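Numbering (the working numbering), first residue to last: 3 to 154. Have a look at the structure below before the remarks.
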């Protein structure tokens, strides 16, 4: 279920609200594409044979790949009417807690932790936990800040 707010000013009332996204699989093709985009071709991500005898038993997604999927994983979880645009404002803290083995499914649980007016709109702090299907421990936890710019 998503968090729906009637205006950017209403974001202050959404503090403490949470929403959970859908499961999303991270396959080897996506891992390869990310490796090519970032020129990070470490064997643990790309060499299935070598990774099979490595510490995780298979290739794993780059931590930054999982982090970069936050927009996809959180899409639609927070809807704010009267918003012209939402832009990334920054990251306060990111922790990679567990590797994401190829073909694992992940999903986001997002909590609105703060909402403060600013000259450009509202700066909203979000704590997003990327859950790993079948695991008690999450893949990552990120504290991000987004700027919600009102229409007009």
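Backbone N, C-alpha and C define an ideal beta-carbon position, used for all residues, glycine too. Computed from a predicted model, the values in this text were never measured in an experiment.
Between the CA atoms of residue j and residue i - distance to the nearest angstrom
{"i": "residue 150", "j": "residue 123", "result": "6 Å"}
{"i": "residue 59", "j": "residue 121", "result": "50 Å"}
{"i": "residue 43", "j": "residue 135", "result": "26 Å"}
{"i": "residue 14", "j": "residue 119", "result": "9 Å"}
{"i": "residue 137", "j": "residue 99", "result": "12 Å"}
{"i": "residue 66", "j": "residue 40", "result": "10 Å"}
{"i": "residue 139", "j": "residue 154", "result": "43 Å"}
Cβ-based neighbour list, residue i, same chain, cut-off 8 Å, excluding 5 preceding and 5 following
{"i": "residue 110", "result": "22, 23, 72, 75, 76, 79, 130, 131, 132, 133"}
{"i": "residue 148", "result": "88, 89, 90, 91, 125, 126, 128"}
{"i": "residue 81", "result": "4, 5, 6, 7"}
Contact set for residue i: own chain, Cβ-Cβ below 7 Å, skip 5 residues either direction
{"i": "residue 46", "result": "53, 56, 61, 62"}
Chain-order list of residues whose beta-carbon lies under 6 Å from that of residue i (same chain, five-residue window excluded)
{"i": "residue 145", "result": "94, 95, 129"}
Under 8 Å between C-beta atoms of residue i and residue j
{"i": "residue 117", "j": "residue 16", "result": "yes"}
{"i": "residue 83", "j": "residue 9", "result": "yes"}
{"i": "residue 85", "j": "residue 141", "result": "no"}
>> I want to know whether the region 100-109 touches the region 23-42 - three or more CB-CB distances under 8 Å.
In response: Touching, yes, given that three or more Cβ pairs across the two stretches are closer than 8 Å.
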